[in-house]
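There are 4 protein chains.
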Amino acid sequence: MLAELKGLNEECGVFGIWGHPDAAQITYYGLHSLQHRGQEGAGMVLTNGETLTGIKGEGLVTEVFTADKMKDIYGKASIGHVRYATAGGGGYENVQPLLFRAQSGSLALAHNGNLVNAVQLRGQLEAQGSIFQTSSDTEVLAHLIKRGGFADLKERVKNALGMIKGAYAFLIMTESEMIVALDPLGLRPLSLGKIGDAYVVASETCALDITGAEFIRDIEPGELMIINDEGITSERFAHSSSRSMCTMEYVYFSRPDSNIDGINVHTARKNLGKRLAMEALIEADVVTGVPDSSISVAIGYAEASGIPYEMGLIKNRYVGRTFIQPSQSLREQGVKMKLSPVRGVVEGKRVVMVDDSIVRGTTSKRIVSMLKEAGALEVHVCISSPPIKNPCFYGIDTSSREELIAASHSVEELREMIGADSLTFLSIEGMVEGIGRPFEGETRGQCLACFNGKYPTEIYGETIENSQKC
Amino acid sequence: MLAELKGLNEECGVFGIWGHPDAAQITYYGLHSLQHRGQEGAGMVLTNGETLTGIKGEGLVTEVFTADKMKDIYGKASIGHVRYATAGGGGYENVQPLLFRAQSGSLALAHNGNLVNAVQLRGQLEAQGSIFQTSSDTEVLAHLIKRGGFADLKERVKNALGMIKGAYAFLIMTESEMIVALDPLGLRPLSLGKIGDAYVVASETCALDITGAEFIRDIEPGELMIINDEGITSERFAHSSSRSMCTMEYVYFSRPDSNIDGINVHTARKNLGKRLAMEALIEADVVTGVPDSSISVAIGYAEASGIPYEMGLIKNRYVGRTFIQPSQSLREQGVKMKLSPVRGVVEGKRVVMVDDSIVRGTTSKRIVSMLKEAGALEVHVCISSPPIKNPCFYGIDTSSREELIAASHSVEELREMIGADSLTFLSIEGMVEGIGRPFEGETRGQCLACFNGKYPTEIYGETIENSQKC
Amino acid sequence: MLAELKGLNEECGVFGIWGHPDAAQITYYGLHSLQHRGQEGAGMVLTNGETLTGIKGEGLVTEVFTADKMKDIYGKASIGHVRYATAGGGGYENVQPLLFRAQSGSLALAHNGNLVNAVQLRGQLEAQGSIFQTSSDTEVLAHLIKRGGFADLKERVKNALGMIKGAYAFLIMTESEMIVALDPLGLRPLSLGKIGDAYVVASETCALDITGAEFIRDIEPGELMIINDEGITSERFAHSSSRSMCTMEYVYFSRPDSNIDGINVHTARKNLGKRLAMEALIEADVVTGVPDSSISVAIGYAEASGIPYEMGLIKNRYVGRTFIQPSQSLREQGVKMKLSPVRGVVEGKRVVMVDDSIVRGTTSKRIVSMLKEAGALEVHVCISSPPIKNPCFYGIDTSSREELIAASHSVEELREMIGADSLTFLSIEGMVEGIGRPFEGETRGQCLACFNGKYPTEIYGETIENSQKC
Amino acid sequence: MLAELKGLNEECGVFGIWGHPDAAQITYYGLHSLQHRGQEGAGMVLTNGETLTGIKGEGLVTEVFTADKMKDIYGKASIGHVRYATAGGGGYENVQPLLFRAQSGSLALAHNGNLVNAVQLRGQLEAQGSIFQTSSDTEVLAHLIKRGGFADLKERVKNALGMIKGAYAFLIMTESEMIVALDPLGLRPLSLGKIGDAYVVASETCALDITGAEFIRDIEPGELMIINDEGITSERFAHSSSRSMCTMEYVYFSRPDSNIDGINVHTARKNLGKRLAMEALIEADVVTGVPDSSISVAIGYAEASGIPYEMGLIKNRYVGRTFIQPSQSLREQGVKMKLSPVRGVVEGKRVVMVDDSIVRGTTSKRIVSMLKEAGALEVHVCISSPPIKNPCFYGIDTSSREELIAASHSVEELREMIGADSLTFLSIEGMVEGIGRPFEGETRGQCLACFNGKYPTEIYGETIENSQKC
């Protein structure tokens, strides 16, 4: 599905490198390959061993890191971030990495995830006199680390991590070291690679491939890693019973060329498509997928069903903020925005339209309607995940249960609302096995909370109301 | 194939509308959907019935037509242009539409194609005292029209068209009418549509679909159409024995959702893939295509061969000029630019890599090498067109025979140069029939000059050396 | 006076250099020092001996010539231009130098002045088949030169100059030489200087000083100079009885540090102030001048009258187009734009307010009113030139007689309209002698047409209606 | 003197308004008129009674507050800031107002001045767990206010003010009120005005005039003022024996149309010139001043001495960062940057050159040399202040005693260094009386620390090394 079209949004990607003379440029390419994880802001902070310098700004990687700015920064190590901004999330200040300067040294932080107790922690910190310039979780962690007093940095970070709950992949950098931390359930992906003697850490393995880095291993749940000029040291800061990788990373967030937990995302999606074909058993003339994420699914569906795959929908590519939105009258006249149907492919055909999920239902409705206007005889909607019935507290922007159409409507009601001739959701079992995990009726390896409501961590009442995720 | 990666470049797209209060905005969306035909410059000129006003500039549609500028222009009719700049093609001045103002009225021109006798005509005009501010063919036509003396505009345009030779689709606009002309062989596509009472003309039908226009018919070879507030009148300015549509429009230029001469481009490409599978008969584990243009081909190949389609190559999307190029050392280190292999898909596999053409061979070599580094056991390159052995004089930027690697090397030599385990080109017959034309051993419907050297028009010696195509 | 505040506008400045490795940078500084002569557009064209390359754009010198663009151009010689755009003068296309490329070589032109027979010439050229992309006089000259046929360039330029009438200072450049021409009456200033072996030509001597050039001499009326690698050659292309330098160059156009015809502009203005004091004989407490041009005048007035000079008005500096204009309500509330009164200086005082001219009278009215609101007891307006009663056809933008308030009103009527306690205009005699010329009741050395209607050239009816001056 | 030319730099201006529907626009014009106090950054924060929103950025007021951004903010009250950045002062983060968001409400702060104990306070705060994102004094005050616990805001602000020492004019804003505070010695200017029912506070009265506000009174030393929808309440938070207004505000910082402590700056400067003429008693032909600040002084000098004032130096106006700096070779060739001599005025003359101060001496040397190259026979430098021998700790960027040339050299040594024929400094007595204060041999009304070393507050060792002033 087109991430921008619905209320289901990935939040942020991180990239770090230690020990390379071209750290800034490599971070640039790494963040560029993670651009799909956040288009609202980007930043990087470098250390040359003495001081930290940084660039950040609102916009795409290519907009923020201009040649002009890149020539002013240098260093042997860097952490970077791309950010998805939730509504009202306040501009430049919230763009990461955050950088704190103290007389005793500086601290930069970049974060992907969401803390479920950020509101509580922030309230306590404010009561103790802390002041906040951003609305991000990341500043909460910075305060907790700083308040750790005179212990060494690693101890203070461990203490601070012990106080936060939720999903997080953190990169922290001082003048002389980089600290990497993943939450005890490993809800967010984070991988380690190597370019020559330099270490690279990234939200997705595509960023390793694109920068010419060799994959070493995934960061483990509850792992705290320290990278400096001496090399790597690692320990567990928390006991972790089992991984709970966010399932949506496979279903639609990650790039198809990334491997998450050793599973290639394209392959996983194709398998989801095969399972979906087996569960749906629809008679049709063509299969088509909603670009980009559902193309792989549709190809799998076509292979398993024998119904030919066709390019029935095409994405109109453009770059976000400078694109002029059509006026209401032009929209009514039929000016297409992000997606167009291919009349030559769907006209007079029974179409299977594959998509990854339904959040509010409005996008599915619009696509079904476009396909029918382009002459499709029937439109069968097949979704490569089960109905999303519960909000996410771990970094995905499905703001509240009220917006989740599947939380309050039956599949048949949904089908009618979107105007499809049939509507099929993949079963939880089909999804988990399609991804390549054994399914044993419960959370094992994957977080399935948005489908089955079983949250792998404690949840706090105010969690989603007031917090700026990333 | 990635258009930017090789010496085979589409040149320009045109869009026009007459009789709509939102002419400027509709032209914006139309040109945006034609962006793949030219990324170097864009422009539009509007008429409000009294005067012509315009916007043009170097860059993408979204960069040139900012909200700020769009609010200053208005009118009921418009012609627009997106431009591909050949090397040295001189910046802003050459961006179209060109606009000429005379005391007797103004004239705007937008052009897709290439005149083969532009150099000769320009020499004659200069000898007669004409001065040129651009290096484009379009200015030659403007001079010819102007020198037609006091005849009415239509007659002067007809006279001028009688003097030019080559491939062209012209949109010409004055304060009170739009003139549309297509060369006698119809080498370039041009279609007519309608939005309510307003007429729309565009290089590809995707621009009709995206703006909500209904397709009426293609402009015919040698047709001269006049559109004004009275409606449409049309006549033939030249006798045309048969159409010679540029074959590369199907093979890689056009958007897959466009129909050219009634044939859907995606469908044509899929059929090219099926023919290719039948001709190649390769044993392999996966089929993959070079995005974007060869995805459809690869899917057709997979369907016909039974070898599963996989996303073995992924495009790294970014917007041209602001992207910082990696230094040579980073490139050697393996920083990927426009394309990355998907290791999880190709590792340990025998791969069929489908692409649309080979011009210089350097790109194919790079891709084969990337796939092997990512672990492919074998890489079989299958090309959905025959070897390109002759330069194009009709608007495609294959500058000279020396650059066409297939002009001087056998297929086996080429295979060795690009490092593939096998190399298959589609036969001319397979290509023409795959597109959906009857093949009768000669140019019929399609221009095949770049493959077989049979140019459908006279050719002049200096044609390609000095001329700025579009 | 503030040039932007009234309908009296200078039009354009030119700068050229031949034979210096830093030609581009020197042209940059030269044009920057001429910025007061035109803020709407700037351009330069360079030759490296082989080809011409250029930069031009709308905006200030510092906006058009960015570091980014400056690094792409180079050459040993250059001509440049800053432009004042009259209303409707059509954007980028009209920015100079204009550059024409022919198979036989290129031609770049930059122009300061106005041709009085441009409309006639253009009509004739269009009738002969010429087409125009700009609305500027300069393109007319280019056509005339081109149509000179196969004679050598100098002869063709001389022929072309023989056909044009009006005020002009032209810089023309080909790959191998620069041609400098000044109209037979020398209505516009143009000076020659030298930096080492390199020759410099500029509209004002301030551009020589600022670039470290040594002043050699003024270009003479009717002079045609050719500068190339061999040095300078010069001849007269027209007989010139006497110079008719534009008087407004002294009164308000030129920079105070320039010398025109050997007379320093600041000194001339100060003398105008002294004459004005002697003619006005007003009793007052303070003298103040409207910045920037009337500061020198006011100081002269103060010296001659014994009334102390005070800074009663201050200019609010900003750069044009990005400044947000106050809404009407804020303007009524008294938000000051370009000029503020200094209450501490004028409160309770009888003020002599010195300005250079009155065109429409609206600005004078506004300033008088501001001073009175700031507490001035009396405001006596003293103008350092006589009433402007006739339009200028030589490059100053006083569009028509209807706009010239002094053309239809007596001094007493004007005084009442602007709300002043008294209004004094300097006499023609006082002005001419103040500048430092002998006054003999007629045009001698100076053009006085806007004051006395005696135009030094023939005038054509359509002259000002349709022509784009510079 | 040209502020940019030497190490003596003003630091920041503030503007606030409460109770006007056009608060944002008025703040824009107010800050624009204070642009001379800081060109490196600008910002404003607005309240609509519910929430705070802001714009800030590096650059000039017209660059930061674009029309595009201005349309997104609104509110009935605003505080704004223009900033001068000291070297290394770290970009965007330090641009003010700083904005802190807490669950209990937000706090915005804008500051002009310098805290002498900021380093100590920051060290204490960091030891208590505070973290800092900026290097500005202002963040120290924010922490102090926040740590005041649960007392009401006014009490917490008073407590915080009780802990800081130095020079400061603070504007603080919450959703529902604005707090204004001036240090107990009143080292920085701050005035109160009114537009209808709305209250305005600004660093200089020129900002009141420009926005159409009526001057009410100056904020008093040690005054704490609260402005909200109920009106104004005021109290003293500190006992203040006497004012110690920064003398340099008169000598060169402030705009000539501002009144400081009831004294018009232009008038004060003119009087400084008269005193200087009486003390110097030089025989010369012309007097000239270094623009902009010394023009008034030179006019006073001319009046008192009878030597005519001439414009012997002219400022080349441009806008900072986009101006391309001449290469070293061009500089040596004599390309002028910010200032040019007027040859026609100084050639063959004995010149009195008036300037406001000497910090490092390099600028004076350059100007003397330029005047002599332009033909001046003698150059007599007259400075309208005494030698600066001591660093400023109150917000003026004279970083250290080592840079103050007058701290270690006699007047005769200085004269020789700058190449002048004579060098005269105004006496302290002359300066203080010239400004219009009674002089009684000691600090009375004015801070004279940079001249006589008598600092009106305690001074801390680390004060200037580590602190970011404003």
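Each protein sequence line maps, in turn, to chains W, U, Y and P. Going by full-length UniProt numbering, the first sequence opens with residue 1, and the numbers climb by one from there. Going by full-length UniProt numbering, the second sequence opens with residue 1, and the numbers climb by one from there. Going by full-length UniProt numbering, the third sequence opens with residue 1, and the numbers climb by one from there. Going by full-length UniProt numbering, the fourth sequence opens with residue 1, and the numbers climb by one from there. Heads up, the beta-carbon is just placed ideally off N, CA and C, and yes, glycines get one too.
For D209 (chain W), the enclosing alpha helix (DSSP H) covers residues 205-210. Rounded to whole angstroms, S364 (chain U) and F253 (chain U) show a C-alpha spacing of 18 Å.
Identification of residues in the region 313-337 of chain U having a C-beta nearer than 8 Å to some C-beta of chain W yields I314, N316, R317, Y318, V319, T322, F323, I324, P326, S327, S329, L330, Q333, G334, V335, K336, given in sequence order. Beta-bridge annotation (DSSP): A198 (chain U) is paired with U:I195.
In this structure K146 (chain P) is buried. Its beta-carbon is surrounded by 16 or more other beta-carbon atoms within 10 angstroms. Proximity to G300 (chain U) across U:K349, U:T27, U:V286, U:A277 peaks at U:A277, based on C-alpha coordinates. Taking 7 Å as the upper bound on Cβ-Cβ separation, chain P lies near residues K146, R147 of the region 145-156 of chain W. Rounded to the nearest angstrom, the gap between the Cα atoms of C206 (chain Y) and D257 (chain Y) is 6 Å.
Chain Y places a beta carbon closer than 7 Å to that of I299 (chain P), counting this residue as a contact.
In chain order, N112, G113, A167, A169 place their CB closer than 6 Å to the CB of R188 (chain U), counting only its own chain and leaving out the 5 sequence neighbours on each side.
By the Cβ-count criterion, T247 (chain Y) is buried, with 16 or more other Cβ atoms from all chains shown falling within 10 Å of its own Cβ. Residue range 350-355 is occupied by the beta strand (DSSP E) that includes D355 (chain P).
L34 (chain U) and N316 (chain U) have their C-alpha atoms some 20 Å from each other.
Three or more Cβ pairs closer than 8 Å define a contact, and the region 132-145 of chain P meets that threshold against the region 129-140 of chain W. Restricting attention to alpha helix (DSSP H) runs no shorter than 4 residues, the region 341-394 of chain W encloses them at 343-346, 362-373, ordered along the chain.
Of all residues in the region 345-361 of chain W, only V345 come within less than 7 Å of chain U when Cβ atoms are compared, listed by chain position. Taking 7 Å as the cut-off between beta carbons, the residues of the region 134-145 of chain P near chain W are S135, A142, H143, in sequence order. C-alpha of I195 (chain Y) to C-alpha of V61 (chain P): approximately 38 Å in a straight line. Going by DSSP, Y168 (chain Y) is part of the beta strand (DSSP E) stretching over 166-173. Under the Cβ criterion of 7 Å, G105 (chain W) is not counted among the residues facing chain P. Inter-residue distance for G91 (chain U) and I73 (chain Y) is about 13 Å (C-alpha atoms, whole angstroms).
Taken residue by residue, none of the region 43-76 of chain W has a beta-carbon sitting less than 7 Å from a beta-carbon on chain P. Under the Cβ criterion of 7 Å, A167 (chain Y) is not counted among the residues facing chain U. Between P97 (chain P) and L115 (chain P), the C-beta spacing is not below 7 Å. For A406 (chain W), there is no enclosing alpha helix (DSSP H), as DSSP gives it neither H nor E. For G57 (chain P), the enclosing beta strand (DSSP E) covers residues 52-58.
Measuring C-alpha to C-alpha distances from L423 (chain W) to each of W:D152, W:E279, W:H380 identifies W:H380 as the nearest.
The three-state secondary structure of Y250 (chain W), taken from DSSP, is helix. Not flagged as an interface residue toward chain U: A108 (chain Y), since no C-beta distance is shorter than 7 Å. Under the three-state reduction of DSSP output, K336 (chain P) falls in the coil class, being neither helix nor strand. Any Cβ of chain U closer than 7 Å to the Cβ of Q39 (chain W) would place that residue at the interface, and such an atom is absent. The alpha carbon of F65 (chain Y) has as its nearest neighbour, out of Y:Y28, Y:P184, Y:N94, Y:T47, the alpha carbon of Y:Y28.
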